[in-house]
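Asks:
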Amino acid sequence: MNKIELGKSHFRSWHSVLGIIATGWIVIQILIGGGSIWFGGKAFGGGMKAKSVWKYHRVYPFPIIINHS
1 MNKIELGKSH
11 FRSWHSVLGI
21 IATGWIVIQI
31 LIGGGSIWFG
41 GKAFGGGMKA
51 KSVWKYHRVY
61 PFPIIINHS
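Laid out in C-alpha cells, this is it:
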C-alpha cells in the first residue's frame, strides 16, 4: 500500500511533522556547528564571535535530551 494509491496526503500525521522538524533541527545544528569551527569560524566573524555561537550550538540539544529521558 502506498499513500498515492490510497489518495492520502503526505506529512499530515504528528509523527511525520515531528520527523520533519527533527531533521531540520539536525541540519541547522550541523550548519551552525560547522560554521563555528571550520576555517576558524569565519562564517560567524571568527574568533570569540564564533565561539559564542558555538556555545549556543552546544546548549540547544540538552532540552531535547532531558525531555526524552
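Position 57, counted from 1, in the sequence shown is what full-length UniProt numbering calls 57; the numbers after and before it change by one each time, with no gaps. A virtual CB, placed ideally from N, CA and C, is assigned to each residue, including glycine.
(1) Just checking, does the region 23-30 make contact with the region 40-51 on the three C-beta pairs under 8 Å criterion?
(2) Once you ignore the five residues that flank Phe44 on each side, which residues in its own chain have a CB closer than 7 Å to its CB?
(3) Give the list of continuous alpha helix (DSSP H) stretches no shorter than 4 residues that lie fully inside the UniProt domain "Cytochrome b561" (4-41).
(4) Classify His57 as buried or exposed, calling it buried when 16 or more other Cβ atoms lie within 10 Å of its own Cβ.
Replies: The structure says:
(1) Because the criterion of three Cβ pairs below 8 Å is not met, the region 23-30 and the region 40-51 do not touch.
(2) Excluding residues up to 5 positions away in sequence, Gly35, Ser36, Ala50 and Val53 lie with their Cβ nearer than 7 Å to the Cβ of Phe44 in the same chain.
(3) Listed in chain order, the complete alpha helix (DSSP H) runs (minimum 4 residues) inside the UniProt domain "Cytochrome b561" (4-41) are 14-37.
(4) With a 10 Å radius around the Cβ and a threshold of 16 neighbouring Cβ atoms, His57 comes out buried.
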